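Trainee: This is the structure, below, for whatever I ask next.
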Amino acid sequence: MSTSIEQLSCQELVELVTNYLEDALAQEERDSFEHHIAGCTGCHEYVRQMRQTIELTGRLTTADVSPEVEAKLLAVFRDWKSR
Ligand SMILES: [Zn+2]
Numbered sequence: 003m004s005t006s007i008e009q010l011s012c013q014e015l016v017e018l019v020t021n022y023l024e025d026a027l028a029q030e031e032r033d034s035f036e037h038h039i040a041g042c043t044g045c046h047e048y049v050r051q052m053r054q055t056i057e058l059t060g061r062l063t064t065a066d067v068s069p070e071v072e073a074k075l076l077a078v079f080r081d082w083k084s085r
């Protein structure tokens, strides 16, 4: 991971979202993450929904996000971006 602020891809963002919400990112990663969601409606919505999920369930670990759910979300992003 570079120390400069880089553009994250949507897939990289999805991989970081649990760490972000658990406040477990390095400062540079957090900056990149927030930079991305500020300009990407799909990921902004994704983070919002993840936050909501945590509020509903009380907690969220990486294990709670099944590969199926993650793949489905990425498919939704691709679909959204292709419009
Ligand atoms: Zn994105």
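So the sequence shown is residues 3 to 85, counted in this note's numbering. Even for Gly, the Cβ is constructed at its ideal location relative to N, Cα and C. Small disclaimer: the values here were computed from a predicted structure and weren't measured.
When you compare only the Cα positions, how much space is there between I56 and E47?
Mentor: So the alpha carbons of these two residues sit roughly 14 Å apart.
Trainee: Any chance you could list the residues with Cβ under 5 Å from a heavy atom of ligand 1, keeping chain order?
Mentor: Those residues are C12, C42 and C45, given in chain order.
Trainee: For Q13, which of A26, D25, G44 and G60 has the nearest alpha-carbon?
Mentor: When only C-alpha atoms are compared, the closest one is G44.
Trainee: Once the 5 residues before and after I39 are set aside, which same chain residues still bring their CB inside 6 Å of it?
Mentor: C45, H46 and V49, listed in sequence order.
Trainee: Would you report the Cα separation of M52 and K74, rounded to the nearest angstrom?
Mentor: Each residue's alpha carbon lies about 14 Å from the other.
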